[in-house]
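J.: Using my numbering, the final residue of the sequence shown is 160, and nothing's skipped along the way. Using N, Cα and C, we set each Cβ at its ideal position, and we do this for glycine too. Please read through the structure below; I'll follow up with questions.
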Amino acid sequence: MSGALDVLQMKEEDVLKFLAAGTHLGGTNLDFQMEQYIHKRKSDGIYIINLKRTWEKLLLAAKAIVAIENPADVSVISSRSTGQRAVLKFAAATGATPMIAGRFTPGTFTNQIQAAFREPRLLVVTIPGLTTSPSERRLT
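So, in structure tokens, the structure goes:
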């Protein structure tokens, strides 16, 4: 990321926050699609996530979110209770629309007759492998 603004460069303070939160620790199973994000494997089998790659992907996500003119056009969803607090905090900080009220209603993004119909410009999904219903729907 040479040539980027200094404010966007990962600093020691950022690394310390990542380490304190434990975001560098993966699990003991490794999906082949995640191999490029792994730094190494500890002796106990836990994979260590490459924080530089994490930072790059966070910047990419931030650029995509900032590109949406109206923050309410960004919908954030989590079907798991562990992600719902993060959804609420993210929505409060950015003005995005949180979608956490229990079970996701099928047709929310596709059925215009439905009262809860939404047509977001961007859909942010926590734990996308586990929250499949909304992310499997095509948004045009």
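1. Go ahead and pull the three-state DSSP assignment for Lys109.
2. Which class does Thr160 belong to by DSSP, given the choice of helix, strand or coil?
3. With a CB to CB cut of under 8 Å and the five nearest residues on each side skipped, what residues in its chain are close to Ile68?
4. Distance, Cα to Cα, Thr130 vs Ala92?
5. Check this for me: beta carbons of Ile88 and Arg138, under 8 Å apart or not?
6. Please state whether the Cβ-Cβ distance between Val94 and Thr117 is less than 8 Å.
7. For Val144, collect the residues of the same chain with a Cβ closer than 6 Å to its Cβ; drop the 5 residues on either side in sequence, then sort them by chain order.
8. What three-state label does DSSP hand Thr114 in the structure shown?
9. If you draw a straight line from the alpha carbon of Lys77 to that of Ala136, how long is it in whole angstroms?
10. Can you check whether the CB of Ile147 is closer than 8 Å to the CB of Arg73?
11. Helix or strand or just coil, what does DSSP make of Ile68?
T.: According to the structure data:
1. helix
2. Below a pLDDT of 50, predicted positions are generally treated as unreliable, and Thr160, at 40, falls in that range; no measurement from the model is reported.
3. His44, Leu45, Gly46, Ile58, His59, Lys60, Arg61, Lys62
4. 18 Å
5. no
6. yes
7. Val96
8. Assigned with DSSP and collapsed to three states, Thr114 falls in helix.
9. 31 Å
10. no
11. strand
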